[in-house]
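Colleague: Read in UniProt numbering, the sequence shown has 106 at position 106, and its numbers run on one by one without any break.
Take a look at the following structure, please.
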Amino acid sequence: MQNLSTSHLSHIIQIYKKINDIKEGCIQILATFAKDQSPAVVLRKSSRSRIKMERKINPLMKVVEERDHEIAALRKKMQTREIAESSQIPVVKAGDNRKNVVQENQP
């Protein structure tokens, strides 16, 4: 179960890196525009670039949110299982050393 959540976290980190790469690319584009063109032209082009960037980032953010929900569900499942396992104690019946019976721990 631990490997599954680790792979999810690894996948999320990769997505965040892609998002940062896209942001850095847009910043470089804006810097190039600013060198050669008037502010009005730069604003129009940067607006288009921002829209393109948002179109690329939004699907990635949805994937991240889905993975976050999956990770939260897995953590909850693991906690529930750990609680259930901790509330059980092994009981050995007298006269039978080979057989262990699990009985719920009554407070």
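For glycine and all other residues, C-beta sits at the position ideal for the given N, C-alpha and C.
Because the structure is a prediction, the values reported are computed rather than measured.
Give me whichever residues DSSP pairs with Gln79 in a beta bridge.
Modeller: Bridge partners of Gln79: none, in fact.
Colleague: Going by C-alpha distance, which of Ala72, Lys56 and Arg55 is nearest Thr6?
Modeller: Comparing Cα positions, the closest option is Ala72.
Colleague: Going straight from the alpha carbon of Asp68 to that of Ile57, what length do you get?
Modeller: Approximately 16 Å, taken between the alpha carbons.
Colleague: Straight-line CA distance for Asn20 to Thr80?
Modeller: The straight-line gap from Cα to Cα measures roughly 36 Å.
Colleague: Would you tell me roughly how many angstroms separate the C-alpha atoms of Glu70 and Gly25, rounded to the nearest one?
Modeller: Approximately 30 Å, taken between the alpha carbons.
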